[in-house]
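Numbered by the working numbering, the letters in the sequence shown go through residues 43 to 347 in order.
C-beta atoms are modelled at their ideal positions from N, C-alpha and C, and glycine is treated no differently.
Note that the coordinates shown come from a computational prediction; the quantities given were computed from them, not determined experimentally.
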Amino acid sequence: MNTEATPVLILGGTGHYGSRISKSLLAKGEAVRVLTRNPDRAREILGNTPDIISGDITSAESVRTALDNAKAVIICVSAMSWANIKRIRQIERDGVLSVLEEAKTAGVNRVVYTSGYEIREDFLVQMKMREFGEIKLEIEATLANSDLNWTILGCAPSMELFFAFLRNGRMTVPGGGPPALPTISPDDIGELAAQAVLRHDLQGQRFRMTGPEALSFPAAARQISKVTGNDIKVLKIPLLPFKLASIITRPVNPFIRHLYWSIKLLNNFPQDLADGVPRDHALLRDTFDYTPTTFEMEIRKRFNL
Ligand SMILES: NC(=O)c1ccc[n+]([C@@H]2O[C@H](COP(=O)([O-])OP(=O)(O)OC[C@H]3O[C@@H](n4cnc5c(N)ncnc54)[C@H](OP(=O)(O)O)[C@@H]3O)[C@@H](O)[C@H]2O)c1
Numbered sequence: 043m044n045t046e047a048t049p050v051l052i053l054g055g056t057g058h059y060g061s062r063i064s065k066s067l068l069a070k071g072e073a074v075r076v077l078t079r080n081p082d083r084a085r086e087i088l089g090n091t092p093d094i095i096s097g098d099i100t101s102a103e104s105v106r107t108a109l110d111n112a113k114a115v116i117i118c119v120s121a122m123s124w125a126n127i128k129r130i131r132q133i134e135r136d137g138v139l140s141v142l143e144e145a146k147t148a149g150v151n152r153v154v155y156t157s158g159y160e161i162r163e164d165f166l167v168q169m170k171m172r173e174f175g176e177i178k179l180e181i182e183a184t185l186a187n188s189d190l191n192w193t194i195l196g197c198a199p200s201m202e203l204f205f206a207f208l209r210n211g212r213m214t215v216p217g218g219g220p221p222a223l224p225t226i227s228p229d230d231i232g233e234l235a236a237q238a239v240l241r242h243d244l245q246g247q248r249f250r251m252t253g254p255e256a257l258s259f260p261a262a263a264r265q266i267s268k269v270t271g272n273d274i275k276v277l278k279i280p281l282l283p284f285k286l287a288s289i290i291t292r293p294v295n296p297f298i299r300h301l302y303w304s305i306k307l308l309n310n311f312p313q314d315l316a317d318g319v320p321r322d323h324a325l326l327r328d329t330f331d332y333t334p335t336t337f338e339m340e341i342r343k344r345f346n347l
């Protein structure tokens, strides 16, 4: 690695998607800097090469230190955990807005923001869960109205989603899932985000980041069965208990509520977006230089086959 080079800053660089982005940038010989609340854990995840800065996106000082001399920034933070969710506004909204402000001051013009696949305000309102998407809506609007050289990556759920519901030969799916939904290998997010942040010709563009095909949970289970030789049964469980748990636990911690919203959104995934997956994927292939990971390849990776 060229240690003289100015680094790409990854906010959320230890996360599910961010750690893959770090890996891809390092593989290209880029200098990488990661801001983390837990440097020891970050070293375990990312190894010794990246520059690790201990801090918090909600601290103006941390943000300033992290941006100092960076050539570009990727914003990939998430507060979607039991411990973090109460601070979601401070982290995903206020923290990110302060990064955009500070980036201008620090002369860091290139910004890549990882968002949801597509954030449709009218759909969220119709689902009575506007709150679930309002932060990302605001950040996307702020970028659109800024002078920064920005690109938004609308990320599909990770293919990990299908494995997350798998236990002892059963795929247990709350609500059963939609007829089809896009997913993407986290390694592909890593590669595409790394390429995106190093380019300057993608200004003002928003991409839907998807793998080659939209899959239902039963279709995913069939593929896993075929590749591994183990028969996977799909079990649909009702959503109601999640809804009740989300109401009961809400005064203590809104995490289950956010989890319930995610599952509800998943089950109502808009069909037109699923139908558009081949087109959206084709755009990624035309724009970036990479070999897309199919779900079959992801299964082989996952089960070391
Ligand atoms: N995973 C998916 O399937 C998926 C699907 C669609 C969209 N996305 C989007 O992709 C982005 C990343 O999601 P993810 O699933 O990769 O996240 P994740 O695995 O939950 O990781 C969260 C990251 O945020 C960082 N973070 C949290 N609070 C922080 C704070 N106060 N200060 C600094 N860093 C903080 C964490 O760093 P430390 O813990 O090291 O401090 C960690 O690196 C999000 O915008 C998410 O909405 C993800």
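Boundaries of the alpha helix (DSSP H) in which residue i is found, first to last residue
i: residue 75; result: Per DSSP, residue 75 belongs to no alpha helix (DSSP H); it is in the beta strand (DSSP E), 74-78.
i: residue 305; result: 297-309
i: residue 66; result: 60-69
i: residue 282; result: 282-291
i: residue 321; result: 319-329
i: residue 141; result: 138-148
i: residue 88; result: 81-88
Cβ-based burial, residue i [other Cβ within 10 Å; buried from 16]
i: residue 323; result: buried
i: residue 338; result: exposed
i: residue 66; result: buried
i: residue 228; result: buried
i: residue 280; result: exposed
i: residue 45; result: Since pLDDT at residue 45 reaches only 46, below the 50 mark, its modelled position is unreliable, and the value read off the structure follows with that caveat. The residue is exposed, with fewer than 16 neighbouring Cβ atoms inside 10 Å.
i: residue 253; result: buried
i: residue 168; result: exposed
i: residue 102; result: exposed
i: residue 335; result: buried
i: residue 175; result: buried
i: residue 178; result: buried
i: residue 134; result: buried
i: residue 313; result: exposed
i: residue 340; result: buried
i: residue 247; result: exposed
i: residue 293; result: exposed
i: residue 173; result: exposed
Contact under 7 Å by Cβ, residue i with residue j
i: residue 93; j: residue 75; result: yes
i: residue 274; j: residue 256; result: no
i: residue 68; j: residue 108; result: no
i: residue 225; j: residue 208; result: no
i: residue 234; j: residue 330; result: yes
i: residue 24; j: residue 130; result: Beyond the ends of the chain as shown, which are 43 and 347, falls residue 24; an answer cannot be given.
i: residue 379; j: residue 308; result: Since the first and last residues shown for the chain are 43 and 347, residue 379 lies out of range.
i: residue 183; j: residue 152; result: no
i: residue 121; j: residue 51; result: no
i: residue 236; j: residue 316; result: no
i: residue 239; j: residue 154; result: yes
i: residue 87; j: residue 48; result: no
Nonlocal neighbours in the same chain, by C-beta distance under 8 Å from residue i, ignoring five residues either side
i: residue 231; result: 59, 62, 63, 156, 195, 197, 200, 251
i: residue 295; result: 124, 127, 128
Cβ shell of residue i (< 7 Å), same chain only, five flanking positions each side left out
i: residue 241; result: none
i: residue 105; result: 99, 140, 141, 144
i: residue 216; result: 279, 281, 284, 305
i: residue 205; result: 344
i: residue 261; result: none
Min CB distance residue i to chain D below 7 Å
i: residue 196; result: As a matter of chain content, chain D is missing from the structure shown, which is built from one protein chain.
Residues near residue i by beta carbon distance below 6 Å, same chain, minus five either side
i: residue 328; result: none
First through last residue of the beta strand (DSSP E) which encompasses residue i
i: residue 195; result: 191-197
i: residue 277; result: 275-279
i: residue 240; result: It is not in any beta strand (DSSP E) - residue 240 instead sits in the alpha helix (DSSP H) that spans 228-240.
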